[in-house]
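Student: Next up is a structure, given as structure tokens.
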Amino acid sequence: MAIYNLKINGQSKQVDVDPATPMLWVLREHLNMEGTKYGCGVAQCGACTIHLNGSAVRSCQLPVVAIGNKEITTIEGLSEKGDHPVQKAWLELDVAQCGYCQTGQIMSAAALLKTKPNPSDADIEAAMTGNICRCGTYLRIKDAIKSAAKMK
Amino acid sequence: MEKIKTNYSRRSFLKSSALTGGGLMISFSWLSEFAFAGKTSVLDLPEQWYELTGYIKITPDNVIRIFNPNPEFGQNVMTSLPMIVAEELDADWQKVVIEMGPHDNVKLGPQFTGGSNSVRMYWKPLRDAGAAARNMLMQAAAQTWSVPIEEVTTKAGMLYHEKSGKSGTYGSFASKAADIPIPKGIKLKDAKNFNVVRSSKKNVEGLKIVTGKPLFGSDHIQEGMLIAMIHHPPAFGMKLKSYDASQTLKMPGIKDVFSLKLYEDGFEQGGFDTRTFNDLLVVVGKTTWEVMNARKKLVVQWEPTPELKETRSNFGRKQEVVIPAGLESSTTHYKKMQERAKEQATLLRKDGDPETAFKNAAQVIERTYTAPFLAHNCMEPMTFFAHVKDDSALLIGPHQAPGWIEPTLSKILNLPADKIEIRMARMGGGFGLRAYGHYVAEAALISKKVKAPVKLVYSREDDMTYGIYRPMYTATYRAALDANKNLIAFHVKGGGIPEHPIHANRFPAGTIDNYLAEGWELPSNITIGAFRAPRSNFNAAAEQSFLDEIAEVMGKDPIDFRLELLKRAKENPVGKNNEYDVDRYAGVLKLIKEKSGWNDLANKKYSRGVAAYFCHNSYAAHVVDVVKRDGQPYVERVFSAIDCGIVINPDAATNMVQGAVVDGIGNAFYGGLTHKDGVAEQNNFNRYRMIRMKEAPKKIEVHFVENDIDPTGLGEPPFPPVFGAVANALYKNMGKRFYSQPYSNDFVNKA
């Protein structure tokens, strides 16, 4: 067990956990931040996606010891009132069905738009290939990303 | 306003009560014929089915609270059911608040999500309750204003008396309305006057979902809660023999390790009590990560499970089931199915004289289709929270049928049912898997043992290898043609592990003079369960592929061929109990022919496949357009035609159909859970391939047949025919037929 001072969503949070603990579980069980989801634990489904210094990473495979000073953004910190363009587009196009994968989808999408503000279909498909949606809302996710790109 | 006729009779009992803080509550129960197949008298039903299953509350603040009786797993009933109420109540949709939990000690009877029944089941009761409440409010206003009720009107949660200019909110009259007896036989709105139903409304939970609010069972946390995980045997057909937990107990955060029995010997399982392993090895600790790590340190001896005989009770029907011993492999499964298919099968339906017709046929086409076990792979792995005390229990989590698991919980916890509270969380996917309750029972027993609140967590590996799969199926189809290439006989012999897939009374039964349907079954210790459109999800693939082959031999267009068969069933149907409406079935085929531009020259560049199917009371047809992309077949576009009666929320319904299409393509192309010596060969998404965004079509265009038929199912019906349409399109694209799923196994130079 060790103490880690983490920068999460613009705030300082301190946790006392085993160094190998993936950030997914630090968030969910030590910080009670349930927005980041567990889907597979092996970085295959994307439900656990967060931002590390703005880049999308799978938190299920990101041990807390590797974070250091880097800034973490979770779904809870993506916007103040759920009004990030990606979130707004998601609501406009009524993307979700069960909703479980969607925070991971949104985080991946938001990271993509930061690096590629006008992504092509191929850009979107490549960036989003790591996010599984079991309910099959991929078409709406893609449309929502394009719509969010126009909003910026 | 006119009364809407329903296609089946149901009674909805309404009860009104005054709320303690002021206001009106209308509660209702429902009795549904279809849930009680075989029961002739309504009075035979157990007590609980008369209990109230939902309510509408109107409080002085003019907020309308509607209870959503059905667990939500993405079919968006949290939005569609309240829309139905708001329509008849004439409420301001914006002021309708959905609650997900019992209040005011209203004991809510069975809630169940599955079988694509939510909207269909609640359509009439919700309308009756909404209409009754509106009428009572009008009476209350009429009395207060001393005017005839005929002069009182409503609009969006307000009452008006135009002549005198008086008006008031529903809320202000709610308490008075509670004193008025429930009116009988209130006229419901004519469908052409709907202004809420049939308009698209956004998912009421949308903002919570996109901001990551803790909506799911796996998100439940509370003070003192422990995490439990079960260390399952590595293979089906194995059980716990002994274990050494000494290393595990030394790991940080670990509280306890123990074994317990899920069901006692002789326990009579209900239809949804299916479980794979009965002797459970449990690790309990403070956090999931700590328990996951500690679990790895267990030293366990496993032993083969002997053959078991179990009693199952399916809604009163008792069955003796034999569960074989042994470590089973997929290679053996396929071989055994092939051998069994040659032997005698159970007759399911016979019309005319198929044996003679086949003997005298000029040509016989025979084809065999197979499909593997499928894992549900809900995005949220199995989980449940339980806090069991000496005299009560609280359970929270994702489950499709809380009312069905309650009797089991009552038995195993030895608590009366009214001391067990089950709170339904939003489910991260259901697909039929969450109709089964073993993990709820497991969580409860663990909590009872450790005397603490416990969240039971299944890892993805636990979830994927646990079982309750979609069964393995195979079916051999034969068609007899005469010298003029007329179809004179049709024979389907289907089987599976452990059940056959055949729906003997569905199309094309009724369209062919000589028809034979047979089924057979092979037992297994691999557990199975309902999977989105059970049986249909295989049937449509096999049958719709086969119909295409017949059409090809006959030189007919596949859609025209199906329409000809349906014409025969309309004019001169063969046999009895044909389980589909000919006009509605033909309707979706005609609609898809039109909307897909089936014969348009512009579409010649696509490899097109068509399929149609009837299940769960609705009709669906798809045209699938395949192209080659990087040398591999890719479904670029899909056109869908659906007849599910009145569509409550068009955009959400479109989303559902699109999702079913993607799900169908994914499972048809890639889905399959195989075994080697009892071990599931796929235990996570690196081995079990799921469809990804780039494999989903670029366009899925959905069309609904416009009619005023009472709503029927939509969650399942669009799914099965996708498999058939995909197979037929792949034939056009690759020049060979696909008989065995997953189809990508037969792509050359697989990507």
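One line per chain: the protein sequences are X and G, in this order. Per my numbering, the first sequence starts with residue 310, numbered consecutively. Per my numbering, the second sequence starts with residue 59, numbered consecutively. Virtual Cβ for every residue (Gly too), placed ideally from N, Cα, C. Only a predicted model underlies this, so the values are computations on that prediction, with no experimental measurement involved.
Given that a residue counts as buried once 16 or more other Cβ atoms are within 10 Å of its Cβ, and exposed if not, what is G:S17?
Tutor: What the structure shows of chain G is the stretch from 59 to 809, and residue 17 of chain G is not part of that stretch, so it cannot be assessed.
Student: Mind checking whether the beta-carbon of G:G173 lies closer than 7 Å to any heavy atom of the ligand NAD?
Tutor: Absence of the ligand NAD from the depicted structure is noted, as is the absence of any ligand whatsoever, leaving it without description.
Student: Assuming G:L339 contacts G:L320 (C-beta within less than 8 Å), just tell me the rounded distance between them.
Tutor: Indexing the second sequence from 1 puts residue 339 of chain G at position 281. Indexing the second sequence from 1 puts residue 320 of chain G at position 262. Their Cβ separation, rounded to whole angstroms, is 12 Å, which puts G:L339 and G:L320 out of contact at 8 Å.
Student: Within 10 Å of its beta-carbon, does X:K346 have 16 or more other beta-carbons around it, so buried, or fewer, so exposed?
Tutor: The residue you call residue 346 of chain X lines up with position 37 of the first sequence. So X:K346 counts as buried.
Student: Do G:V446 and G:M287 come within 8 Å of each other at the CB atom, strictly closer than that value?
Tutor: Taking the first residue of the second sequence as 1, we reach residue 287 of chain G at position 229. Taking the first residue of the second sequence as 1, we reach residue 446 of chain G at position 388. Not a contact, by the Cβ cut-off of 8 Å.
Student: Are G:L647 and G:V763 close, meaning C-beta to C-beta below 8 Å?
Tutor: As a working note, residue 647 of chain G is residue 589 in the second sequence. As a working note, residue 763 of chain G is residue 705 in the second sequence. Not a contact, by the Cβ cut-off of 8 Å.
Student: Look at G:A187 and G:L77 and say whether their C-beta atoms are less than 8 Å apart.
Tutor: Against the second sequence, residue 187 of chain G aligns to sequence position 129. Against the second sequence, residue 77 of chain G aligns to sequence position 19. It is not a contact, given that the beta carbons lie outside the stated cut-off.
Student: For X:V351, which residues in chain G fall below 7 Å Cβ to Cβ?
Tutor: Within the first sequence, residue 351 of chain X is the residue found at index 42, counting from 1. The answer, in chain order, is N742 and N744.
Student: Let me check one thing: in DSSP terms, what residues is G:D409 bridge-paired to?
Tutor: Here residue 409 of chain G is taken as the residue at index 351 of the second sequence, counted from 1. G:D409 is bridged to G:Y573.
Student: What did DSSP end up calling G:N707 once you bin it into helix, strand or coil?
Tutor: Within the second sequence, the letter at position 649 stands for residue 707 of chain G. Note: G:N707 maps to coil in three-state DSSP.
Student: Figure out for me which residue from G:K400, G:E361, G:I267 and G:F294 has the closest Cα to the Cα of G:E576.
Tutor: For the purposes of this step, residue 576 of chain G is identified with residue 518 of the second sequence, where counting begins at 1. Looking at the Cα atoms, G:K400 is the closest of the given residues.
Student: Where do the N-terminal and C-terminal ends of the beta strand (DSSP E) with X:Q414 fall, by residue?
Tutor: Position 105 of the first sequence holds residue 414 of chain X. Here X:Q414 belongs to no beta strand (DSSP E); instead the alpha helix (DSSP H) covers Q411 to T424.
Student: May I ask you to verify whether the region 441-461 of chain G touches the region 491-501 of chain G, counting CB pairs closer than 8 Å and requiring at least 3?
Tutor: Contact holds: three or more Cβ-Cβ distances are below 8 Å.
Student: Tell me which residue opens and which closes the beta strand (DSSP E) that G:Y677 is part of.
Tutor: Numbered from its first residue, the second sequence carries residue 677 of chain G at position 619. Unbroken beta strand (DSSP E) run through G:Y677: S676 to R687.
Student: When we look at the beta-carbon of G:R536 and count the other beta-carbons within 10 Å, is it buried (16 or more) or exposed?
Tutor: Your numbering for residue 536 of chain G matches position 478 in the second sequence. Under this definition G:R536 is a buried residue.
Student: Should X:Q323 be flagged as near chain G, meaning a C-beta pair shorter than 8 Å?
Tutor: Along the first sequence, read from residue 1 onward, the residue named residue 323 of chain X stands at position 14. It does not; no Cβ of chain G falls within 8 Å.
Student: X:P331 CB to nearest chain G CB: under 8 Å?
Tutor: In the first sequence, the residue the question calls residue 331 of chain X occupies position 22. Closer than 8 Å: yes.
Student: Roughly how far, in whole angstroms, is the beta-carbon of X:S456 from the beta-carbon of X:N440, given that I think they are within contact range, below 8 Å?
Tutor: The residue you call residue 456 of chain X lines up with position 147 of the first sequence. The residue you call residue 440 of chain X lines up with position 131 of the first sequence. Contact doesn't hold; Cβ gap of about 17 Å is too wide.
Student: G:S233 lies in the alpha helix (DSSP H); which residues open and close that run?
Tutor: One-based indexing of the second sequence puts residue 233 of chain G at position 175. It spans Y228 to A235 - the alpha helix (DSSP H) in which G:S233 sits, taken as one unbroken run.
Student: Any beta carbon from chain G within less than 8 Å of X:I359's own beta carbon?
Tutor: Residue 359 of chain X sits at position 50 when you count from the first residue of the first sequence. Output row for X:I359: interface = no.
Student: Which residues of chain X have a Cβ atom closer than 7 Å to the Cβ of G:Q716, listed in chain order?
Tutor: Locating residue 716 of chain G in the second sequence gives position 658, counting from the first residue. Correct list: G445 and L448.
Student: Just by C-beta distance, which residues in the region 386-402 of chain X are closer than 7 Å to chain G?
Tutor: Residues passing the 7 Å Cβ filter: G391, Q396, W399 and L400.
Student: When burial is assigned at 16 or more other CB atoms within 10 Å of the CB, is G:Q799 buried or exposed?
Tutor: Residue mapping note: residue 799 of chain G aligns to position 741 of the second sequence, counting from 1. It counts as buried.
Student: Just to check my reading of the structure: G:K313 and G:V342 have Cβ atoms closer than 8 Å, yes? What is that Cβ distance to the nearest angstrom?
Tutor: Position 255 of the second sequence, counting from 1, holds the residue named residue 313 of chain G. Position 284 of the second sequence, counting from 1, holds the residue named residue 342 of chain G. That belief holds up - the Cβ atoms of G:K313 and G:V342 are roughly 5 Å apart, short of 8 Å.
Student: Do you know offhand how far G:V422's Cα is from G:S371's?
Tutor: Counting from one through the second sequence, the residue named residue 422 of chain G turns up at place 364. Counting from one through the second sequence, the residue named residue 371 of chain G turns up at place 313. Near 42 Å, if we compare the C-alpha coordinates of G:S371 and G:V422.
Student: Name the chain G residues that come within less than 7 Å of X:A356, Cβ to Cβ?
Tutor: Taking the first residue of the first sequence as 1, we reach residue 356 of chain X at position 47. Near X:A356 (Cβ distances below 7 Å), the residues of chain G are M437.
Student: Pick out whichever of G:W151, G:I114, G:H391 and G:I470 has its Cα sitting closest to the Cα of G:D323.
Tutor: The count along the second sequence starts at 1 and reaches residue 323 of chain G at position 265. Ranking the options by Cα distance to G:D323, first place goes to G:I470.
Student: How close, in whole Å, do the beta carbons of G:P776 and G:V693 come, if the pair is a contact with beta carbons under 8 Å?
Tutor: Position 718 of the second sequence, counting from 1, holds the residue named residue 776 of chain G. Position 635 of the second sequence, counting from 1, holds the residue named residue 693 of chain G. That pair is no contact at about 15 Å.
Student: Between which two residues does the alpha helix (DSSP H) holding G:A293 run?
Tutor: Numbered from its first residue, the second sequence carries residue 293 of chain G at position 235. Looking at the DSSP string, G:A293 is not in any alpha helix (DSSP H), and its letter there is neither H nor E.
Student: Residue range of the alpha helix (DSSP H) that G:R620 falls in?
Tutor: In the second sequence, the residue the question calls residue 620 of chain G occupies position 562. Note, G:R620: alpha helix (DSSP H), P616 to E629.
Student: Mind checking whether G:G215 and G:D277 have CB atoms under 8 Å apart?
Tutor: Taking the first residue of the second sequence as position 1, residue 215 of chain G is located at position 157. Taking the first residue of the second sequence as position 1, residue 277 of chain G is located at position 219. No, the Cβ-Cβ distance between G:G215 and G:D277 is not below 8 Å.
Student: Could you pull the DSSP bridge partners for G:A444 from this structure?
Tutor: Working through the second sequence from its first residue, we reach residue 444 of chain G at position 386. DSSP, once it has assigned bridges, lists G:L453 and G:V512 as partnering G:A444.
Student: For G:G132, go through chain X and note every residue whose CB falls closer than 8 Å to its CB, in chain order.
Tutor: Taking the second sequence and counting its residues from 1, one reaches residue 132 of chain G at position 74. What G:G132 touches in chain X: A405, Q406, C407, G408 and C444.
Student: Using a cut-off of 7 Å between C-beta atoms, extract the partners of G:G486 located in chain X.
Tutor: Numbered from 1 along the second sequence, position 428 holds the residue referred to as residue 486 of chain G. Going along chain X in sequence order, the residues near G:G486 (Cβ under 7 Å) are C407 and Y409.
Student: Can we say the region 659-668 of chain G touches the region 753-770 of chain G, given the rule of at least three CB pairs closer than 8 Å?
Tutor: Too few Cβ pairs lie closer than 8 Å, so no.
Student: So if I threshold CB-CB distances at 7 Å, which residues from the region 409-428 of chain X count as touching chain G?
Tutor: Flagged, chain order: Y409, C410, Q411, T412 and I415.
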